[in-house]
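Here is the structure we will look at, set down as C-alpha cells.
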Amino acid sequence: MNTLDIRTVDVVQYVTPLREGGSLPAIVKANDGFMYVLKFRGAGQGKKALIAEFIGGEFARAIGLKVPEVVFMNLDDSFSKTEPDEEIQDLLKFSVGLNLGLHFLSGAITFDPLVNQIDGLLASKLVLLDSIISNIDRTPKNPNLLIWNKELWIIDNGASFYFHHNWSTWENHLTRSFPLIKDHVLLAQATQLPAAAKSIELSLLPEKIVDIIANIPEDWLINEGDTLSPDEMRAAYILYLTTKLSMIDVLAKEAQDAR
C-alpha cells in the first residue's frame, strides 16, 4: 500500500547557489510557486546522495521529526544554456532529469548546540535515526540541522548509507553498529534513548519501510558500474533497514555508552 504522497514539480527559475554545501545545492523556484533547495543528481555523490537524502528524510518524518517537504524536481536543459558560471553550468547540464528538492525554510538559522536546547526524547530519536541510516554528517562542525519557527528541522541526510557506494561489499555492513555516533551533535542532549528506541520501533513498521523504498525513482537506481539491478537494490535497502531496526537496542546502548 503506497501511503507516501511525494509530489513532482518542475524547476522554473534557478535563483542562487548555496555555496556552503559541498555539492553546490541551489535555491530554485518551482511551477507550484514555492522555493526549494535543489539537490542535484549531477553533483559529486550523484544519484546515491539523493537516495540517501530521500530515505533519511522520510524515515525522520515517519518517527515524528520535522523535515521540510521532499519533492521530486524535473530540471530541463534550458538552465545550463543561460548560466554564465562554468562550474554551475556543468552541474546543471549533468542534472537534467529528476532531482530532489526540499521546501526552502526562509529565515531559518543553523542549529547551535551551545545555544539551542532540544527536548531529550527528540534528540534521542535523531541520534538513533542517524545510527540506523549510518549518517556520518551530523557533527558539531556540520550539524545539518535548522531552527525554524523555534523548532528543530532535519536537513541533509545525503552522507548516509555509505555502503551503497560499493554494492559488492554491502552485506558486510548489515550487522555492524555505528561507533561514529560518538561525534553526533545531539548526543549530549539525547537523554531518553531507551524510550526513543521503543517509539521508533512502533513507528517504522516493515510496511512503512517497504513503502518508502518503493517510492525511490527507478531512474536513481540505475548507475554505470553497479552490480545490482534496481529491484535487488530495493531489497538490499529494505534488508539493511529492517536489520538495523532489529538491532535498535544495541545501537541505543552504543549511543548511551558513548555519552
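To convert, note that position 226 of the sequence shown is 473 in the numbering used here; the numbers rise steadily by one, no gaps.
We put the beta carbon where it would ideally sit given N, CA and C, even for glycine.
Please read all numbers here as calculations on a predicted model, not as lab measurements.
Taking all protein chains shown into account, do 16 or more other C-beta atoms lie within 10 angstroms of the C-beta of residue i, making it buried, or fewer, making it exposed?
| i | result |
| --- | --- |
| Glu384 | According to the sequence shown, residue 384 is Asp rather than Glu. Answer is buried; the Cβ neighbour count reaches 16. |
| Ile495 | buried |
| Pro272 | buried |
| Ser325 | exposed |
| Asp377 | buried |
| Gln436 | buried |
| Ile469 | exposed |
| Lys429 | exposed |
| Gln260 | exposed |
With H, G and I counted as helix, E and B as strand and the rest as coil, what does DSSP make of residue i?
| i | result |
| --- | --- |
| Asp478 | helix |
| Ala505 | helix |
| Asn363 | coil |
| Val256 | strand |
| Thr250 | coil |
| Pro441 | helix |
| Ser450 | helix |
| Pro331 | coil |
| Asp473 | coil |
| Ser415 | helix |
| Pro426 | helix |
Report the rounded CA-to-CA distance for residue i versus residue j, giving the unit in angstroms.
| i | j | result |
| --- | --- | --- |
| Ile335 | Thr263 | 10 Å |
| Leu440 | Phe301 | 24 Å |
| Ala355 | Trp395 | 5 Å |
| Glu479 | Thr422 | 19 Å |
| Ala461 | Gly304 | 15 Å |
| Leu240 | Lys491 | The chain is shown from 248 up to 506; residue 240 falls before or after that span and cannot be answered. |
| Lys397 | Ser476 | 43 Å |
| Val432 | His350 | 23 Å |
| Ile485 | Val457 | 6 Å |
| Pro315 | Ala502 | 26 Å |
| Val256 | Val275 | 11 Å |
| Ser415 | Tyr409 | 13 Å |
| Leu251 | Ile459 | 7 Å |
| Gly577 | Leu368 | Not covered by the structure: residue 577. The range shown for the chain is 248 to 506. |
| Leu449 | Ile310 | 9 Å |
| Ser270 | Trp417 | 24 Å |
| Trp400 | Asn363 | 12 Å |
| Pro296 | Val318 | At residue 296 the sequence reads Ala, which differs from the Pro that was named. Distance between the alpha carbons of Ala296 and Val318: 15 Å. |
| Glu471 | Ala299 | 18 Å |
So if DSSP puts residue i in a beta bridge, which residue, or which two residues, is it bridged to?
| i | result |
| --- | --- |
| Val275 | Tyr261 and Tyr283 |
| Val317 | Leu349 |
| Gly344 | Leu322 |
| Leu393 | Thr357 and Trp400 |
| Thr386 | Asn389 |
May I ask whether a heavy atom of the ligand GTP can be found less than 7 Å away from the beta carbon of residue i?
| i | result |
| --- | --- |
| Thr263 | The model on display carries no ligand, and the ligand GTP is accordingly not part of it. |
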